[in-house]
Amino acid sequence: MPVPTRKARPGAGIDVEYAECWRFRESHEIIQFICFDDWMNLSRYKPSGRTRISQPMNQFTSSMMRNRKLPPLGALRAFEAAARHLSFRKAADELGVTPTAISHQIRLLEDILGFALFIRQVRQVALTQAAERLYPTLRDGFDMFERTLADLAPAPRRTAVTLTATIQFTARKLLPALGSFRERFPEFDLRLHSSDEPVDLTAGQADVAVRYGRGPFDGLVGQPLFSERFGLLCSPKLGLSASQDLLRATLLHVEWRRPANAPDWQRWAGLVGVEGLAVDEGPRFNSDDHALQAAVAGHGVAIGSLILARPEIDAGLLVHPFGPVIEGDSYHMLATPANMACADVRAVCAWLVESVAGLSSAAHPLPAT
Numbered sequence: 188m189p190v191p192t193r194k195a196r197p198g199a200g201i202d203v204e205y206a207e208c209w210r211f212r213e214s215h216e217i218i219q220f221i222c223f224d225d226w227m228n229l230s231r232y233k234p235s236g237r238t239r240i241s242q243p244m245n246q247f248t249s250s251m252m253r254n255r256k257l258p259p260l261g262a263l264r265a266f267e268a269a270a271r272h273l274s275f276r277k278a279a280d281e282l283g284v285t286p287t288a289i290s291h292q293i294r295l296l297e298d299i300l301g302f303a304l305f306i307r308q309v310r311q312v313a314l315t316q317a318a319e320r321l322y323p324t325l326r327d328g329f330d331m332f333e334r335t336l337a338d339l340a341p342a343p344r345r346t347a348v349t350l351t352a353t354i355q356f357t358a359r360k361l362l363p364a365l366g367s368f369r370e371r372f373p374e375f376d377l378r379l380h381s382s383d384e385p386v387d388l389t390a391g392q393a394d395v396a397v398r399y400g401r402g403p404f405d406g407l408v409g410q411p412l413f414s415e416r417f418g419l420l421c422s423p424k425l426g427l428s429a430s431q432d433l434l435r436a437t438l439l440h441v442e443w444r445r446p447a448n449a450p451d452w453q454r455w456a457g458l459v460g461v462e463g464l465a466v467d468e469g470p471r472f473n474s475d476d477h478a479l480q481a482a483v484a485g486h487g488v489a490i491g492s493l494i495l496a497r498p499e500i501d502a503g504l505l506v507h508p509f510g511p512v513i514e515g516d517s518y519h520m521l522a523t524p525a526n527m528a529c530a531d532v533r534a535v536c537a538w539l540v541e542s543v544a545g546l547s548s549a550a551h552p553l554p555a556t
């Protein structure tokens, strides 16, 4: 579509140009005027008596006459970046152009302003006194511009809240309760991530985490969920009733991620004082859940979570034949302070607290043996 020409045409031709501009404005199209001074001359042209200019068009031309006469925005951006970095190359990297392009924009701005902005030295530049006055104004203006646009922009909605937890916790507590989350919070989506290695919440790898340990958890906020308890677990078919029965049983081992504080056979045997127990022999598993499955199949005796194994205990697939019980650390629900302020993350946290409600030693007493 045509735009206003650089020179006003006499006679009725000016009416066409005015009409074209008004149609552009009504259709919300962006018009780039080739020369502001030409448009100023055009707005002062007095059409013939037979020409009628609408009042809205006069208001439009009046607003055009009040436009600020500023240097090109590209030149101002180039100067602000170069002054901030004191480097044309770094400014070019930031703006995605070449250092030569930055140099040309600076030259253009200096020609428009009529004074130098940089003292060009070998492999470096310095600001002139005039540039030192100009730079803070431009910097603050661009900063305010950026903040305002960020405030006006709608907050991006994450596709799903990522909840990370250990493999066993995910399989035994989160997956069975997933349907209740969809029923209570249909407007939010949940993504489950299971790993026995902690992920970095501050780096955005996940939004909420369930972590086992004593803490502290630097940079994170949350609350403890429940304390863990570990004990012997085996199939009732093995018929174990006393610690001496372990001498004829196969011991199942879990390769815990933190061996120093692990509820392993050596630690358990130290509490009981059983002589001759081969605490280093037997099958090994890198997952405590796999060790429990082997115990259910009757392949041996494992030391596992008495709380997370409660479904198998209640179903009669596993028994806790005798003590002692190893008191473990606590599971914690954690998130960054920024994530904890988000409605979808708070929804996941509320559901998580409800899902583990009652998972305590008081709510899960040891079965009678």
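Quick note: the sequence shown uses the working numbering, first residue 188, plus one each step.
Here a beta-carbon is modelled for each residue, glycine too, at the ideal position from N, C-alpha and C.
Give me the Cβ distance between residue i and residue j, rounded to the nearest whole Å; I'm assuming they're in contact under 8 angstroms.
i           : j           : result
residue 469 : residue 438 : 4 angstroms
residue 325 : residue 281 : So it is not a contact: roughly 14 angstroms between Cβ atoms.
residue 522 : residue 407 : 6 angstroms
residue 314 : residue 279 : Between residue 279 and residue 314 the Cβ distance is about 18 angstroms, and since that is not below 8 angstroms, they are no contact.
When DSSP labels each residue in this structure, what does residue i get in the three-state scheme?
i           : result
residue 501 : helix
residue 384 : coil
residue 258 : coil
residue 459 : helix
residue 363 : helix
residue 379 : strand
residue 454 : helix
residue 413 : strand
residue 583 : Nothing in the structure corresponds to residue 583, since the chain is present only between 188 and 556.
residue 440 : strand
residue 284 : coil
residue 427 : coil
residue 300 : helix
residue 496 : coil
residue 276 : helix
Starting from residue i, follow the beta strand (DSSP E) in both directions and report where the run begins and ends.
i           : result
residue 468 : Here residue 468 belongs to no beta strand (DSSP E), and DSSP marks it neither H nor E.
residue 517 : 513-522
residue 307 : 305-308
residue 491 : 489-492
Any chance the CB of residue i is under 6 angstroms from a heavy atom of the ligand SAM?
i           : result
residue 427 : Among the components of this structure there are no ligands whatsoever, and the ligand SAM is therefore not found.
Quick check: what's the CA-CA separation for residue i versus residue j?
i           : j           : result
residue 256 : residue 298 : 15 angstroms
residue 366 : residue 347 : 16 angstroms
residue 519 : residue 396 : 8 angstroms
residue 491 : residue 426 : 18 angstroms
residue 531 : residue 355 : 24 angstroms
residue 534 : residue 364 : 14 angstroms
residue 403 : residue 453 : 27 angstroms
residue 401 : residue 517 : 7 angstroms
residue 539 : residue 451 : 28 angstroms
residue 309 : residue 262 : 23 angstroms
residue 542 : residue 471 : 31 angstroms
residue 319 : residue 388 : 41 angstroms
residue 524 : residue 409 : 9 angstroms
residue 274 : residue 312 : 6 angstroms
residue 479 : residue 385 : 22 angstroms
residue 537 : residue 527 : 11 angstroms
residue 339 : residue 331 : 12 angstroms
residue 434 : residue 428 : 12 angstroms
residue 581 : residue 489 : It is not possible to answer for residue 581, since the shown part of the chain is limited to 188 through 556.
residue 497 : residue 360 : 11 angstroms
residue 295 : residue 265 : 10 angstroms
residue 381 : residue 515 : 21 angstroms
residue 335 : residue 500 : 59 angstroms
residue 467 : residue 449 : 14 angstroms
residue 341 : residue 379 : 26 angstroms
residue 392 : residue 412 : 22 angstroms
residue 316 : residue 323 : 12 angstroms
Run the CB neighbour count on residue i, radius 10 Å, all protein chains shown included, and call it buried at 16 or more, exposed below.
i           : result
residue 423 : exposed
residue 475 : buried
residue 487 : buried
residue 292 : buried
residue 351 : buried
residue 508 : buried
residue 375 : buried
residue 212 : Only weak support is given to the placement of residue 212: the predicted model assigns it a pLDDT of 36, under 50, and the value that follows is read from those uncertain coordinates. That one is exposed.
residue 447 : exposed
residue 416 : buried
residue 445 : exposed
residue 302 : exposed
residue 394 : buried
residue 337 : exposed
residue 544 : exposed
residue 465 : exposed
residue 506 : buried
residue 287 : exposed
In the DSSP assignment, find the unbroken alpha helix (DSSP H) run with residue i in it and report its ends.
i           : result
residue 540 : 530-542
residue 328 : 316-339
residue 351 : No alpha helix (DSSP H) holds residue 351; the beta strand (DSSP E) holding it covers 348-352.
residue 478 : 475-483
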